[in-house]
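Peer 1:
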Amino acid sequence: MKKSLFFSVLALPILSVFTFITPTTAYAAGVSQGLFTANNTWMLVATFLVFIMHLGFASLESGLTRAKNTTNILFKNTAIVAIGLLTYALCGFNLMYPGDFNGWIGFAGVGLSLPAGDAGLIGYADGAYTYYTDFIFQAMFAATAATIVSGAVAERVKLSSFLIFSAIFVAIIYPIVGSWKWGGGWLDAMGFYDFAGSTLVHGVGGWGALACVLILGPRLGKYVNGQVRPILGHSMPLATLGMFLLWLGWFGFNGGSVLSADPGLVSLVFVTTSLAAAAGILSSMVTSWMVQKKPDLSMILNGSLAGLVGITAGADTVTVMGAILIGLVAGVIVVFSVMFFDRVKIDDPVGALSVHLVCGIWGTLAVGIFSTNPDHKLWVQLVGVVAYGAVTFAAAFGLFFALKGIMGVRVTEQEEMEGLDMHEHGVAAYNGFQINNQ
Amino acid sequence: MKKSLFFSVLALPILSVFTFITPTTAYAAGVSQGLFTANNTWMLVATFLVFIMHLGFASLESGLTRAKNTTNILFKNTAIVAIGLLTYALCGFNLMYPGDFNGWIGFAGVGLSLPAGDAGLIGYADGAYTYYTDFIFQAMFAATAATIVSGAVAERVKLSSFLIFSAIFVAIIYPIVGSWKWGGGWLDAMGFYDFAGSTLVHGVGGWGALACVLILGPRLGKYVNGQVRPILGHSMPLATLGMFLLWLGWFGFNGGSVLSADPGLVSLVFVTTSLAAAAGILSSMVTSWMVQKKPDLSMILNGSLAGLVGITAGADTVTVMGAILIGLVAGVIVVFSVMFFDRVKIDDPVGALSVHLVCGIWGTLAVGIFSTNPDHKLWVQLVGVVAYGAVTFAAAFGLFFALKGIMGVRVTEQEEMEGLDMHEHGVAAYNGFQINNQ
Amino acid sequence: MKKSLFFSVLALPILSVFTFITPTTAYAAGVSQGLFTANNTWMLVATFLVFIMHLGFASLESGLTRAKNTTNILFKNTAIVAIGLLTYALCGFNLMYPGDFNGWIGFAGVGLSLPAGDAGLIGYADGAYTYYTDFIFQAMFAATAATIVSGAVAERVKLSSFLIFSAIFVAIIYPIVGSWKWGGGWLDAMGFYDFAGSTLVHGVGGWGALACVLILGPRLGKYVNGQVRPILGHSMPLATLGMFLLWLGWFGFNGGSVLSADPGLVSLVFVTTSLAAAAGILSSMVTSWMVQKKPDLSMILNGSLAGLVGITAGADTVTVMGAILIGLVAGVIVVFSVMFFDRVKIDDPVGALSVHLVCGIWGTLAVGIFSTNPDHKLWVQLVGVVAYGAVTFAAAFGLFFALKGIMGVRVTEQEEMEGLDMHEHGVAAYNGFQINNQ
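As structure tokens, then:
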């Protein structure tokens, strides 16, 4: 009685797990139960790998910023995972994958909509994985876009405003523009290619970050009398942990984007992803060593991420050599991009714009240059980049600007100087240690 | 000669690995070699995920306590893994899964007992995994129960006493009560349901923790003149790392409890587990923000774990909406529970009682409310909760009380004030940093 | 046009990914698509597990050394991954697996050499995994050998010299000696057995470390007036994180060395690996507690790694009891070995020689004692140990000695005292914290 009340009132579907226990044998053509199970298992492994990227982002971002704002950053990054998963269940998934739609915007309804019986199971996705696997893998992706914004606005954004921005960004903006390609929309029809999201995830997050940073302005004391004053991160072990966990997660981010455990494609993706990251480290090391006259750890951490973002759009469609070249170029780009943003006084504490936006653009265009598939055309890739940039930037700017008017988006000067941890959360991240607030 | 001496003297069985290299083709009905391999691979992935929970516990516990006791906590948590695995091989596994037995207690013998030939391989567990997979997956579970106790008794327990307590707890108490349900004992026969251990693992650990904490008493300076003096954790990054790693591990803890790679069930479990954790974060954030007027990071970390513990008993048998509701309630419960234990002066440095015991009870009862399986009854779930509580608490209390009489269980006041690291281990956890011992 | 230029100029092969999309059905005998996919998926899981060992090494090594050198260590360990992967693609893989060769040295050519069509896919490795999987799994291994050296030379080695040494060590020395066994060379023909690299990886890394340490000499202030002055690690949480991540990675290191997802063998390897690590913790705890009169965290961390290194050579060919004994002995050895190296004034900041070299030798010889396969002979194991030791040590010594003459291998006294971070990198690892440079 009580149960039926719950289930009829709420929009999310009822699942009878018993249908799982006695599946029919109607697998897709050529798909055995063993193959279906192996495919689905890989997609779930990829899911937990993408999940761990959220810890990677939290670590990288807090490591590269000051100790007085660490609790705040950890709070944001934990909350975003929850917001991302829940809003994706509520509406994101059905906005991003609306089924038949006009190619620009569609909505398959509130909550999850498990196809009945075998259709959600062995009959789903050509027998590669189940409906639930599809949802949870995509849901883990979704929150990463919002997390990218988090890094760029760190150390000065107001917590409540950021959480509201993130919720709307991940629930509505990210999935709608995502549907243009991955949902089978107009850019997909045009031949645009973005394998795992150089643009759809990293570019979208990066454009959102740029919009927010322009509205927020730089941190106090970053640009003084026309000079750039570096603000050092408080823990390089934490930042390095973050980079390695992000790379680890990328095996699932790119490897899972094969959307099956296809041995040839997944193993190729592991190779291209790893070698692009390695190449990004190498070229960012050489570049920054030459330009800055010092081997710079934060640069090679970002160099590896630059290579990873760069290879993401074409990881399954370039050669091994192509992957290395994409990574080498990304590692050079990221060094100059970090310097460029500082020169134009756009303050990005962790280099998120350089890594995700700039290298996301590079990676998307690189498909047009290095792809072994002649259907991938540079001009179409450029159309995609511009379309995503224009719409995401405008939407994020409008949203954050509105929040600025309604409730403010930046903490007070006093709060910023004394640290967000004590003011917003009432507790420091490190207790017992002697810490200077810089 | 020397070899035969070894093998005849020792109780653990001899394995001829060569039987593995030429398996017969007698797979269980409907199980191909591909399916068997996919299933077994998933169970081993789940195994290493549960393993990483030990690092999660170590990180969470040390992050939420003071720097002067960190070496001690890390030592405990490292030693427990070893003790858990070795005692489980020695006797735990055969106490928990004794085969045919009276339903209350049984023992299949000292050491492992690999069924000969195919019976330990393709003939084991309906062709889902091998005997060795079964053992190592269950062994990884076992030590988690003892680790839960570790968090509650932190910063004042005597190392040697704790190690002895843990060894007996994990070698004897945990597997015997575990056999009542997972070994096919009397509670299983009664229809009690606990999918992955809201009660069998988290409740058991929580009852053990409660017994020890009552005997130990609170930390010095926690309750002074009837007032609660908060003792802050020394590193929120470490605590956050711990939460994320625990969540990561839970994909194996719950996902592996399907006991095969069944695509429908494992993917459902991934969804319910993730959304319950997300819901726990959301509701604990809202609740603690309203009650404490501050967004509290440690509360949302515990909120996520509360959701995870809550969903554990029914992760495969509730709807997506049910999972979200279970998580939402758990996140509210944990906030008030933490406040309650402080009000009654039960000092639990990391909130282990609230997360594992209280939300473990909630999760077990929630099966009776939200399960889609009409065989799951609330009163039976309550019987299980009471039975586990009574016996585990009594056994743990008796054991720890005996240890108190025999060798003492608490460090001296001086040792507690100066820190367990210098006194018990002779080395600080952080060297070179300026640290106040609070 | 532009593309064809790239591809004809460069040595790395062109891959047409489209061959993957329509595989033929010519699987190896008895291998279904499901089995092939499950096998390959496991090997890729093992690959990302080995990857995460690099984070484990970085964490362990930086945790066990001083804060003033942390950026330097993190930089080295990040750069080594890149160098290892890229040089392995360039020449390492084809030196280690040259195909038919004289048993001592062979080279299959610059760059990767993907067999055409199905031969690189379902026709590769008896249908267990693809060519790309083979490469990336082996490439992840390669860099670990160089990383072992990194720990021993920490806090005094010159960055540029170390990077050049590592590149040559991993690109040439490691794969050539590796080919003697894993490439099917003369030691393989002789019956030498090293399942996952107690000697081929850990021994090789350890001999390289010994050579470098002898040339470098001890850190300033370590041995003063004939006395050993302990230099404490700056962060035990970081060191503990490192140990757990290494253990986690070992599930892939050993589990992947089965070279398929064979359920019997992989699950056996999980059991032997875990129990050896647990036994190493137990025996090192008891030994160090008795000898040093204190429970020493860094000793049990090294004890677990000692057990892991020890079991690596025979993880698939010993009994459960054998694995426990190997781990118990390794845990005792490592304690006395650490004390021994200090007595003879060989300064190894993280215990890398004791863990990787000494226990690597022990593990290799242990195959001759505990293997259930009568073809494994102690004297052959000894021949292998001696051959690897002589050649690796000589080559590494020659190389590092040459570098010493050419460009120097050690930082200046001032740099060592003030810390490598400020001198080599111009930035501290921790900013905002009050730190003594000891």
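Residue numbers (our numbering), protein chains in the order written: chain W, 1 to 438; chain V, 1 to 438; chain P, 1 to 438. Just so it is clear, CB atoms sit at the ideal spot from N, CA and C, and this is done for glycine as well.
(1) Would W/I105 pass as a contact of W/I168 if the rule is Cβ separation under 7 Å?
(2) Kindly provide the ranges of any alpha helix (DSSP H) runs that are 4 or more residues long and lie completely inside the segment 198-272 of chain W, ordered along the chain.
(3) Along chain V, which residues have their Cβ under 8 Å away from the Cβ of P/P349?
(4) List, in chain order, every chain V residue whose beta-carbon is nearer than 7 Å to that of P/R66.
(5) Does the CB of W/Y97 have a neighbour CB from chain V at under 7 Å?
(6) In its own chain, which residues sit with a C-beta less than 6 Å from the C-beta of V/G151, not counting the 5 before and 5 after it?
(7) Excluding the 5 residues preceding and the 5 following W/W42 in the sequence, name in chain order all residues of the same chain whose CB lies nearer than 6 Å to its CB.
(8) Terminal residues of the continuous alpha helix (DSSP H) containing P/Y174?
(9) Under DSSP, the alpha helix (DSSP H) around V/A28 begins and ends at which residues?
(10) Give the residues from the segment 44-68 of chain W that approach chain P closer than 8 Å (Cβ to any Cβ), ordered along the chain.
(11) Does the segment 339-346 of chain W come within contact of the segment 206-224 of chain W, defined as at least 3 CB pairs closer than 8 Å?
(12) Assuming W/A89 and W/A143 make a contact with CB atoms under 8 Å, what is their CB distance in whole Å?
(13) Out of V/F253, V/G398, V/A154 and V/I80, point me to the one whose CA is closest to V/R410's CA.
(14) Who are the Cβ neighbours of P/A313 in its own chain at under 6 Å, not counting the five residues just before and after it?
(15) Quick one: using the 10 Å Cβ neighbour count with 16 as the cut-off for buried, is W/T24 buried or exposed?
(16) Report the option in V/A394, V/V149 and V/I164 whose CA atom is closest to the CA atom of V/L403.
(17) State the beta-bridge partners of V/R410 as determined by DSSP.
(18) Name the DSSP bridge partner or partners of V/F195?
(19) So with Cβ pairs under 7 Å, would you call P/L86 a contact of chain W?
(20) Under 7 Å Cβ-Cβ, which residues of chain W neighbour V/A38?
(21) Run down chain P in chain order and give the residues with a C-beta less than 9 Å from the C-beta of V/L187.
(22) Pick from P/F162, P/G256 and P/V201: whose alpha carbon is nearest that of P/K181?
(23) I'd like to confirm the pairing. Which residues does DSSP put opposite W/I435 in its beta bridges?
(24) What do you get for V/T70, buried or exposed, if any count of 16 or more other CB atoms within 10 angstroms of its CB means buried?
(25) Give the range of the alpha helix (DSSP H) segment to which W/D188 is assigned.
(26) Since P/T37 is in the alpha helix (DSSP H), which residue starts that stretch and which ends it?
(27) Suppose contacts are defined by Cβ-Cβ distances below 7 Å. Is W/V224 in contact with W/S283 by that definition?
(28) With P/D342 as the anchor, note down where its alpha helix (DSSP H) starts and where it stops.
(29) Any beta carbon from chain P within less than 7 Å of V/G217's own beta carbon?
(30) May I ask you to report which of helix, strand or coil DSSP gives V/W104?
(31) For a contact meaning CB atoms closer than 7 Å, what does P/H234 contact in chain V?
(32) Determine, for W/A261, whether the minimum Cβ-Cβ distance to residues of chain P falls below 7 Å.
(33) Determine, using beta carbons only, whether V/V149 and V/A239 come nearer to each other than 7 Å.
(34) In chain W, what lies closer than 8 Å to P/L74 by C-beta?
(35) Just to make sure I have the definition right: I need the residues of chain P whose C-beta is within less than 7 Å of the C-beta of W/I435. Which are they?
Peer 2: Result, derived from the coordinates:
(1) What you label residue 105 of chain W is simply residue 105 of the first sequence in a count that begins at 1. What you label residue 168 of chain W is simply residue 168 of the first sequence in a count that begins at 1. No; because the gap between Cβ atoms is not below 7 Å, this pair is not in contact.
(2) Entirely contained in the segment 198-272 of chain W, the alpha helix (DSSP H) runs reaching 4 residues are, in chain order, 204-216 and 236-255.
(3) As a first step, residue 349 of chain P must be located in the third sequence, where it is residue number 349. Those within 8 Å of P/P349 in chain V number zero; the least Cβ separation is about 13 Å.
(4) Counted from its first residue, the third sequence places residue 66 of chain P at position 66. G432, listed in chain order.
(5) Here the question's residue 97 of chain W lines up with position 97 in the first sequence. By this cut-off, W/Y97 is not an interface position.
(6) Working through the second sequence from its first residue, we reach residue 151 of chain V at position 151. Excluding positions up to five away in sequence, the list reads E61, V350 and A352.
(7) Stepping through the first sequence from its first residue, residue 42 of chain W is reached at position 42. Excluding five sequence positions before and after W/W42, the CB atoms of its chain that fall closer than 6 Å to its own CB belong to A261, given in chain order.
(8) On the third sequence, position 174 is the one that residue 174 of chain P refers to. P/Y174 -> alpha helix (DSSP H) spans Y174 to S179.
(9) As a working mapping, residue 28 of chain V is identified with position 28 in the second sequence. First-last for V/A28: undefined, no H or E at that position.
(10) Considering only beta carbons, the part of the segment 44-68 of chain W lying closer than 8 Å to chain P consists of V45, L49, R66, A67 and K68, in chain order.
(11) yes
(12) Along the first sequence, one-based indexing puts residue 89 of chain W at 89. Along the first sequence, one-based indexing puts residue 143 of chain W at 143. Between W/A143 and W/A89 the Cβ distance is about 12 Å, and since that is not below 8 Å, they are no contact.
(13) Along the second sequence, read from residue 1 onward, the residue named residue 410 of chain V stands at position 410. Taking only the C-alpha atoms, the option nearest V/R410 is V/A154.
(14) As a first step, residue 313 of chain P must be located in the third sequence, where it is residue number 313. Once the five neighbours on either side are set aside, the close Cβ partners of P/A313 are D194, F195, S198, G363, T364 and V367.
(15) Here the question's residue 24 of chain W lines up with position 24 in the first sequence. Any answer about W/T24 is weak, because its pLDDT of 47 lies below 50 and its placement is not dependable; what the coordinates show is given next. Exposed.
(16) As a first step, residue 403 of chain V is located in the second sequence; it is residue number 403 there, counting from the start. Answer by Cα proximity: V/I164.
(17) Here the question's residue 410 of chain V lines up with position 410 in the second sequence. Partner(s): V/V157.
(18) If you number the second sequence from 1, residue 195 of chain V lands on position 195. The partner list for V/F195 (beta bridge, DSSP) is empty, contrary to what the question assumes.
(19) Mapped onto the third sequence, residue 86 of chain P falls at position 86. Yes, because at least one Cβ of chain W sits closer than 7 Å to the Cβ of P/L86.
(20) One-based indexing of the second sequence puts residue 38 of chain V at position 38. For V/A38, the chain W residues whose Cβ falls inside 7 Å of its Cβ are G34, T37, A38 and T41, in order along the chain.
(21) Taking the second sequence and counting its residues from 1, the one referred to as residue 187 of chain V is at position 187. Within 9 Å Cβ-Cβ: nothing; V/L187 doesn't reach chain P, min ~29 Å.
(22) Looking up residue 181 of chain P in the third sequence gives position 181. The option with the nearest alpha carbon to P/K181 is P/V201.
(23) For the purposes of this step, residue 435 of chain W is taken as the residue at position 435 of the first sequence. DSSP, once it has assigned bridges, lists P/F433 as partnering W/I435.
(24) Here residue 70 of chain V refers to the residue found at position 70 of the second sequence. So V/T70 counts as buried.
(25) Within the first sequence, numbered from 1, the residue matching residue 188 of chain W stands at position 188. In the DSSP annotation of this structure, the continuous segment of the alpha helix (DSSP H) that includes W/D188 starts and ends at W186 to M190.
(26) Position 37 of the third sequence, counted from the first residue, corresponds to residue 37 of chain P. From DSSP, the alpha helix (DSSP H) with P/T37 extends over Q33 to G63.
(27) Position 224 of the first sequence holds residue 224 of chain W. Position 283 of the first sequence holds residue 283 of chain W. No; because the gap between Cβ atoms is not below 7 Å, this pair is not in contact.
(28) For the purposes of this step, residue 342 of chain P is taken as the residue at position 342 of the third sequence. Here the alpha helix (DSSP H) through P/D342 covers V320 to R343.
(29) Mapped onto the second sequence, residue 217 of chain V falls at position 217. Judged by the 7 Å Cβ criterion, V/G217 is not in contact with chain P.
(30) The count along the second sequence starts at 1 and reaches residue 104 of chain V at position 104. Reduced to three states, the DSSP call for V/W104 is coil.
(31) Taking the first residue of the third sequence as position 1, residue 234 of chain P is located at position 234. Near P/H234 (Cβ distances below 7 Å), the residues of chain V are Y430, N431 and G432.
(32) Here residue 261 of chain W refers to the residue found at position 261 of the first sequence. Yes, W/A261 counts as interfacial toward chain P.
(33) Sequence index remark: in the second sequence, residue 149 of chain V carries index 149 (1-based). Sequence index remark: in the second sequence, residue 239 of chain V carries index 239 (1-based). No, these two residues do not count as a Cβ contact at 7 Å.
(34) Stepping through the third sequence from its first residue, residue 74 of chain P is reached at position 74. What P/L74 touches in chain W: M236, P237, T240 and L297.
(35) As a position in the first sequence, residue 435 of chain W is number 435, starting the count at 1. Within chain P, the residues G432 and F433 have their CB atoms less than 7 Å from the CB of W/I435, given in chain order.
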